[in-house]
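Residue numbers (mature numbering (1 follows the signal peptide of the UniProt record, and there is no 0)): -18 to -1, 1 to 196.
Below is one structure, written out as structure tokens; comments come after it.
Following this line, the structure appears as structure tokens:
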């Protein structure tokens, strides 16, 4: 119920961030559909997933790990080898990575390349950066033209992954194009996004753009 002052004035009270949108839980860090960006940090900020599974030296949430293994296995059968580059990162690991970027490039540029600690999808255990065996175009936009990059663009959604930071969506996501950054959201959400022509979680859930930190 709205407070009386809003009813009398005919105004709508500003809504708090909804926990469930379009049937998906987007606030709880344990949700497979949690939305993390520059406007939405993890709560608690030092969240650690309860179940992590190892994949060639990297880790993912168990559900995401199972999907990733199927994704990589299918690629292998098609003659494409995909290697995991960076999966789960703790709050402290993300802080170290981010601070190194700041030292190298300055904070403004660093904010387009890596998330600040507490704002990283990698901390959820649902994101995996992928690469080619020889390191071709590693963590570079040209990755999209490599065998692994092409396979991901064409088939990641079959396994419940999206390319979280797509080309042309920089003003929405706040990050440069990352064809190597896969985010597990589940096949149900992928299907809903594809059906509606949505490329980002921000657009699908109507959260608005998050180009800069609040």
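Cβ atoms here follow ideal geometry from the backbone N, Cα and C, with glycine treated the same way.
What residues in its chain sit with their C-beta under 8 Å from that of residue i, if we drop five residues either side in the sequence?
i, result
"residue 35", "41, 42, 43, 44, 47, 48"
"residue 84", "92"
"residue 192", "19, 20, 21, 22, 154, 155, 156, 184"
"residue 1", "7, 8, 9, 10"
"residue 32", "12"
"residue 74", "99"
"residue 94", "152, 156, 157, 158"
"residue 68", "40, 104, 110, 111"
"residue 27", "73, 99, 100"
Kindly list the residues whose CB is nearer than 7 Å to the CB of residue i, restricted to its own chain and excluding five residues on each side of it in sequence; keep chain order.
i, result
"residue 17", "8, 183, 187, 189"
"residue 23", "100, 101"
"residue 123", "159, 161"
"residue 167", "14, 15, 142, 144"
"residue 149", "159"
"residue 177", "none"
"residue 62", "129, 130, 133"
Rank the options by C-alpha distance to the C-alpha of residue i and give the top, closest one.
i, options, result
"residue 5", "193, 192, 175, 136", "175"
"residue 157", "166, 167, 145", "145"
"residue 71", "177, 30, 50, 38", "30"
"residue 181", "194, 152, 195, 196", "152"
"residue 172", "137, 58, 195", "137"
"residue 104", "135, 170, 119, 66", "66"
"residue 37", "111, 94, 121, 51", "51"
Grab the span of the beta strand (DSSP E) containing residue i for me, first residue to last.
i, result
"residue 140", "Counting along the chain, residue 140 falls outside any beta strand (DSSP E), and DSSP gives it neither H nor E."
"residue 96", "Element bounds for residue 96: n/a, residue is neither H nor E."
"residue 166", "160 to 166"
"residue 35", "34 to 37"
"residue 67", "65 to 68"
Shorter than 8 Å, the distance from the beta carbon of residue i to the closest heavy atom of the ligand SAM, or not?
i, result
"residue 44", "Annotation note on the ligand SAM: not contained in the displayed structure, which lists no ligands."
Between which residues of its own chain and residue i is the CB-CB distance below 6 Å, once the five residues before and five after are set aside?
i, result
"residue 200", "Any question about residue 200 goes unanswered here, given that the chain covers just -18 to 196."
"residue 96", "79, 80, 83"
"residue 126", "161"
"residue 57", "64, 133"
"residue 120", "113"
Using the rule of at least 16 other Cβ atoms within 10 Å of the residue's Cβ for burial, across every protein chain shown, is residue i buried or exposed?
i, result
"residue 106", "buried"
"residue 139", "buried"
"residue 54", "buried"
"residue 195", "exposed"
"residue 115", "exposed"
"residue 199", "Summary: the structure shown does not reach residue 199, with the chain confined to residues -18 through 196, and so no result is reported for it."
"residue 90", "exposed"
"residue 88", "exposed"
"residue 179", "exposed"
"residue 39", "exposed"
Could you give the first and the last residue of the continuous alpha helix (DSSP H) run that contains residue i?
i, result
"residue 113", "Here residue 113 belongs to no alpha helix (DSSP H); instead the beta strand (DSSP E) covers 109 to 113."
"residue 184", "183 to 187"
"residue 78", "73 to 87"
"residue 170", "169 to 178"
"residue 55", "44 to 59"
"residue 155", "152 to 155"
Quick test of the definition: if touching needs 3 or more C-beta pairs under 8 Å, does the stretch 129 to 138 touch the stretch 159 to 169?
With the cut-off at 8 Å, the stretch 129 to 138 and the stretch 159 to 169 touch.
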